[in-house]
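Residue numbers (the working numbering): -2 to 111. Even for Gly, the Cβ is constructed at its ideal location relative to N, Cα and C. Notes follow once the structure below has been shown.
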Amino acid sequence: MIDENFTVTATDASPTESGGSYSVTTAYSLNVGAPSITGNPPNLPGAAIGVPYMQSVEAVGGTGPYTYSASGALPAGIWLNPNGAFSRTATEGGSFTFTVTAPDSVRSTSPRKS
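Okay, here's the thing in C-alpha coordinates:
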(Lines of atoms letter the chains of each structure in order from A and count residues from 1; the text may use other names and numbers.)
(Lines give C-alpha, C1' and ligand atoms only; values in the text may rest on other atoms or scores of the structure.)
Protein backbone atom coordinates (compact mmCIF):
# COMPACT_ATOMS: atom_id res chain seq x y z
CA MET A 1 0.00 0.00 0.00
CA ILE A 2 1.16 3.51 -0.74
CA ASP A 3 0.36 6.30 1.73
CA GLU A 4 0.53 9.84 0.38
CA ASN A 5 0.02 12.99 2.42
CA PHE A 6 -0.49 16.31 0.71
CA THR A 7 -1.94 19.75 1.31
CA VAL A 8 -4.20 21.73 -1.00
CA THR A 9 -4.48 25.51 -0.78
CA ALA A 10 -7.17 27.41 -2.68
CA THR A 11 -6.93 31.18 -2.90
CA ASP A 12 -9.65 33.49 -4.16
CA ALA A 13 -8.33 35.51 -7.10
CA SER A 14 -10.59 38.47 -6.35
CA PRO A 15 -9.24 40.74 -3.64
CA THR A 16 -11.47 41.63 -0.71
CA GLU A 17 -12.46 45.22 0.09
CA SER A 18 -9.46 45.39 2.41
CA GLY A 19 -7.14 44.33 -0.43
CA GLY A 20 -6.47 40.80 0.79
CA SER A 21 -7.61 37.45 -0.57
CA TYR A 22 -9.47 34.62 1.06
CA SER A 23 -7.81 31.24 1.15
CA VAL A 24 -8.35 27.83 2.66
CA THR A 25 -5.78 25.10 3.26
CA THR A 26 -6.77 21.48 3.81
CA ALA A 27 -4.51 18.51 4.55
CA TYR A 28 -5.38 15.16 2.96
CA SER A 29 -4.13 11.60 3.26
CA LEU A 30 -4.65 9.10 0.44
CA ASN A 31 -4.08 5.36 0.83
CA VAL A 32 -3.62 3.48 -2.45
CA GLY A 33 -3.69 -0.30 -2.22
CA ALA A 34 -2.29 -2.69 -4.78
CA PRO A 35 -4.83 -4.53 -6.91
CA SER A 36 -5.59 -8.12 -6.08
CA ILE A 37 -3.83 -10.41 -8.56
CA THR A 38 -4.69 -14.09 -8.69
CA GLY A 39 -3.30 -16.94 -10.77
CA ASN A 40 -5.12 -19.49 -12.91
CA PRO A 41 -5.29 -22.42 -12.96
CA PRO A 42 -5.06 -22.99 -9.20
CA ASN A 43 -3.19 -26.29 -9.78
CA LEU A 44 -1.09 -27.55 -12.67
CA PRO A 45 -1.86 -30.86 -14.35
CA GLY A 46 0.78 -33.58 -13.97
CA ALA A 47 3.56 -34.18 -16.46
CA ALA A 48 5.15 -37.44 -17.64
CA ILE A 49 8.84 -38.13 -18.29
CA GLY A 50 9.61 -37.98 -22.01
CA VAL A 51 6.22 -36.49 -22.99
CA PRO A 52 6.10 -32.86 -24.21
CA TYR A 53 4.37 -30.65 -21.63
CA MET A 54 2.37 -27.51 -22.47
CA GLN A 55 0.43 -25.61 -19.85
CA SER A 56 -0.16 -21.89 -19.50
CA VAL A 57 -0.75 -19.92 -16.34
CA GLU A 58 -2.57 -16.62 -16.31
CA ALA A 59 -2.55 -13.69 -13.90
CA VAL A 60 -5.92 -12.05 -13.38
CA GLY A 61 -6.35 -8.58 -11.90
CA GLY A 62 -3.85 -5.75 -11.87
CA THR A 63 -2.61 -4.10 -15.04
CA GLY A 64 -1.02 -6.11 -17.84
CA PRO A 65 1.23 -6.98 -19.40
CA TYR A 66 2.64 -9.52 -16.94
CA THR A 67 6.08 -11.12 -16.92
CA TYR A 68 6.09 -14.60 -15.39
CA SER A 69 8.99 -16.19 -13.55
CA ALA A 70 9.44 -19.28 -11.40
CA SER A 71 11.56 -19.75 -8.30
CA GLY A 72 12.16 -23.08 -6.66
CA ALA A 73 12.62 -26.52 -8.18
CA LEU A 74 11.06 -26.94 -11.62
CA PRO A 75 11.36 -30.48 -12.99
CA ALA A 76 14.49 -30.92 -15.15
CA GLY A 77 13.57 -30.20 -18.76
CA ILE A 78 10.50 -28.05 -17.98
CA TRP A 79 10.76 -24.32 -18.58
CA LEU A 80 8.48 -21.35 -17.83
CA ASN A 81 8.38 -18.76 -20.61
CA PRO A 82 8.03 -15.10 -19.56
CA ASN A 83 4.58 -15.17 -21.22
CA GLY A 84 3.33 -17.75 -18.67
CA ALA A 85 3.60 -20.94 -20.75
CA PHE A 86 5.27 -24.01 -19.28
CA SER A 87 6.84 -26.06 -22.05
CA ARG A 88 9.39 -28.67 -23.07
CA THR A 89 9.79 -32.25 -21.85
CA ALA A 90 10.38 -33.48 -18.30
CA THR A 91 13.51 -35.60 -17.97
CA GLU A 92 13.04 -36.58 -14.31
CA GLY A 93 10.15 -37.65 -12.12
CA GLY A 94 9.21 -36.58 -8.64
CA SER A 95 7.24 -33.98 -6.74
CA PHE A 96 8.37 -30.38 -7.26
CA THR A 97 7.52 -27.22 -5.35
CA PHE A 98 8.02 -23.84 -6.98
CA THR A 99 6.48 -20.39 -6.97
CA VAL A 100 5.30 -18.53 -10.06
CA THR A 101 5.40 -14.74 -9.73
CA ALA A 102 3.73 -12.41 -12.21
CA PRO A 103 4.28 -8.73 -11.46
CA ASP A 104 1.98 -6.50 -13.44
CA SER A 105 3.06 -3.38 -15.33
CA VAL A 106 2.80 -1.28 -12.15
CA ARG A 107 4.84 -3.83 -10.16
CA SER A 108 2.04 -5.38 -8.09
CA THR A 109 2.66 -9.08 -7.49
CA SER A 110 0.81 -12.11 -6.31
CA PRO A 111 2.95 -15.25 -6.11
CA ARG A 112 1.32 -18.65 -6.60
CA LYS A 113 2.95 -21.73 -5.09
CA SER A 114 2.59 -25.04 -6.94
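### Query
Do you know offhand how far Val21's Cα is from Pro38's?
53 Å
### Message
For Val48 and Val57, I'd like the C-alpha separation in whole angstroms.
### Response
29 Å
### Task
Could you tell me the distance, in whole angstroms, from the CA atom of Ser66 to the CA atom of Gly74?
16 Å
### Task
With 8 Å as the threshold, decide whether the Cβ of Ser20 is near any Cβ in chain B.
Annotation note: the requested chain B is absent from the structure, which comprises a single protein chain.
### Message
From the DSSP secondary-structure annotation, give me the bridge partner or partners of Asp0.
### Response
Asn28
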